[in-house]
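For reference, each letter of the sequence shown is one residue, going 49 to 528 in my numbering.
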Amino acid sequence: MEKILNYINGTLTEPVNGNFFNNINPAEGKPYGLIPDSNKEDVAQATAAAKHTFAAWSTTPARNRSSILIKIAKLIERDLDKLALAESIDQGKPVTLAKSLDIPRAAANIRFYATAILHESSEAHFTDNEAINYTQHTPIGVVGCISPWNLPLYLFTWKIAPALAVGCTVVAKPSEITPMTAYLFSKLCIEAGLPAGVLNIVHGVGAKAGQAIIEHPEIKAISFTGGTATGKIIAATAGPMFKKLSLELGGKNPNIIFADCDFEKAVTTSIQSSFSNQGEICLCGSRIFVERPLYEKFVAAFKVRTEALVMGDPLDEKTNLGAIASETHLNKILSYIELAKQEGGTIIQGGNQVKLTGRCADGYFLEPTIITGLSHTCRTNQEEIFGPVVTIMPFDTEEEVLQYANSTTYGLAATIWTENLKRAHRVAAEVKSGIVWVNCWLFRDLRTPFGGMKQSGIGREGGFEALKFFTDEKNVCIKF
Ligand code: NDP
């Protein structure tokens, strides 16, 4: 069984207390490795190392920081197959998805910030020939980056890349459910020659190791992606310490389909936006609203395509849907399917746990599930399920669907399908979501800021804003 180690001060190391817990392979329902059960002592060591190195790293010329990050990106690309396999085993996602999406995007994140830092500029304002005001950004210090299990290396790198590029040193914690790619990443950092202490990775459970990062007084900013409930705990701890906070939280995303859409594209992409990564992407559209004239036709076609999805061994290249990330999460999703039935929903497809044979006989597999007949206000349609479960509801007017779409406490992402340009702009302007896709889904340009409204979070990741997030900002006014 592979023993994962912390990465502290440039060295792979056991946790101070010597304790480990099991790393479960969700496709087999069995342990296949060990994870350090780190606590605040490990976080203290990691923070001390990061603090010690900060002066040197923050004054390292940007081109040198950039070239080390580029080396790391190249090593990710070199190890694409190995990392994709590791992520598939750790999380249960199809290996083809890890190979085509997660791992290439992890390398792209690092390349983006490694090059963006070479083009950073700051603003200057001349005041009536009397004065010049300029804005200076300096790396804020040691920062904490905490990432979730659904897109493990992709979201991990999205946080640490801008922090490292801008000159901060980092104490990071991946999810205990999917620590393997972050561990392999720490080995690549050593190989690339990242100086000791610049990045420190502490493995362990959120309430212990994660909480210790949030509480540590020397950690000046926190970039967190995860559930809204955890986000509230983090805000409650870090807020009174006046730490800078970026919180990327949950979603309950509407997928709005008008009768004038390109039907084929809308159905095909809605299958992806509903069930990619077993529906365990924060941006998945879990509530599908279809304009009434198209409703029956859409439901029928969507059901046929869902039935055709191949569920199976994540390591099999033919698999479309792999395992749910953990047994606890599987049970949570199943409880929501029961709730949907109690709320009067009709399960028109799926709804059951699946028992595979062979290697995956004890894995956590769930049929892709379609539910109709629910109101937009019921709990099934208000709470984040984060699995391969979608509801489909009809609507008659734009006003009505906007009311449905905006009725949750979340506001992360939305998708709109229409060939009417004016309507696309009108509806996009009214949907309360941080990101809106029209006639596409999950299309990303790393230059655009990313984040949610309402209880989907505060702050923005991606774009040049992420570089600014990890800095102190100062405005200097010089009178002529
Ligand atoms: P969690 O909130 O459970 O965990 C996220 C991370 O926080 C994990 O590393 C977790 O560690 C850690 N953590 C848990 N408790 C604490 C604490 N008290 N202090 C510090 N860290 C803590 O989310 P999940 O991992 O279950 O991820 C799924 C959620 O993430 C969904 O709600 C999804 O919508 C959201 N998400 C949001 C995205 C966005 O960009 N807005 C993108 C992707 C996911 P551990 O796992 O070890 O407990």
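Beta carbons: idealized from backbone N, C-alpha and C, even for Gly. These numbers come from a predicted model, not from an experiment.
Opposite residue i in the DSSP bridges: which residues?
{"i": "Ile-267", "result": "Val-190"}
{"i": "Arg-335", "result": "Pro-302, Thr-439"}
{"i": "Cys-525", "result": "Asn-181"}
{"i": "Met-359", "result": "Leu-369"}
{"i": "Leu-82", "result": "Lys-51, Asn-70"}
{"i": "Gly-505", "result": "Glu-296"}
{"i": "Phe-323", "result": "Bridge partners of Phe-323: none, in fact."}
{"i": "Trp-559", "result": "The first residue shown for the chain is 49 and the last is 528, placing residue 559 beyond what the model contains."}
{"i": "Thr-175", "result": "Ala-179"}
{"i": "Ile-464", "result": "Ile-304, Val-486"}
{"i": "Tyr-458", "result": "Lys-502"}
Which class does residue i belong to by DSSP, given the choice of helix, strand or coil?
{"i": "Phe-518", "result": "coil"}
{"i": "Glu-432", "result": "coil"}
{"i": "Met-49", "result": "coil"}
{"i": "Pro-109", "result": "coil"}
{"i": "Ser-294", "result": "strand"}
{"i": "Pro-416", "result": "coil"}
{"i": "Gly-279", "result": "helix"}
{"i": "Glu-447", "result": "helix"}
{"i": "Lys-389", "result": "helix"}
{"i": "Thr-496", "result": "coil"}
{"i": "Asn-248", "result": "strand"}
{"i": "Leu-60", "result": "strand"}
{"i": "Phe-491", "result": "coil"}
{"i": "Ile-529", "result": "Within the shown structure, residues of the chain are numbered from 49 to 528, placing residue 529 beyond reach of any answer."}
{"i": "Ala-75", "result": "coil"}
Taking a contact to mean a Cβ-Cβ separation below 8 angstroms, would you say residue i touches residue j in this structure?
{"i": "Asn-157", "j": "Thr-217", "result": "no"}
{"i": "Ile-372", "j": "Gln-397", "result": "no"}
{"i": "Lys-99", "j": "Ile-188", "result": "no"}
{"i": "Tyr-452", "j": "His-473", "result": "no"}
{"i": "Val-143", "j": "Pro-362", "result": "yes"}
{"i": "Glu-467", "j": "Cys-309", "result": "yes"}
{"i": "Val-486", "j": "Phe-337", "result": "no"}
{"i": "Ile-381", "j": "Lys-389", "result": "no"}
{"i": "Gly-241", "j": "Ile-116", "result": "yes"}
{"i": "Lys-221", "j": "Gly-252", "result": "yes"}
{"i": "Val-347", "j": "Ile-440", "result": "yes"}
{"i": "Ala-104", "j": "Leu-232", "result": "no"}
Hey, residue i and residue j are a contact pair by Cβ (cut 8 angstroms); roughly how many whole angstroms apart?
{"i": "Phe-102", "j": "Val-190", "result": "6 angstroms"}
{"i": "Phe-413", "j": "Leu-404", "result": "6 angstroms"}
{"i": "Phe-443", "j": "Arg-335", "result": "Their Cβ separation, rounded to whole angstroms, is 11 angstroms, which puts Phe-443 and Arg-335 out of contact at 8 angstroms."}
{"i": "Phe-498", "j": "Pro-210", "result": "Their Cβ separation, rounded to whole angstroms, is 12 angstroms, which puts Phe-498 and Pro-210 out of contact at 8 angstroms."}
{"i": "Ser-114", "j": "Ala-162", "result": "5 angstroms"}
{"i": "Ile-83", "j": "Phe-68", "result": "6 angstroms"}
{"i": "Ala-260", "j": "Lys-147", "result": "In fact, because the Cβ distance is near 34 angstroms, the residues do not count as touching under 8 angstroms."}
{"i": "Leu-330", "j": "Gly-298", "result": "For the record, residue 330 in the displayed sequence is Cys; it is not Leu. Confirmed, about 7 angstroms."}
{"i": "Phe-434", "j": "Ala-179", "result": "That pair is no contact at about 52 angstroms."}
{"i": "Ala-94", "j": "Asn-248", "result": "4 angstroms"}
Can you tell me whether residue i sits near ligand 2, meaning its C-beta is under 7 angstroms from at least one heavy atom of the ligand?
{"i": "Thr-278", "result": "Questions concerning ligand 2 fall outside what the structure shown contains, since the ligands it does hold are ligand 1."}
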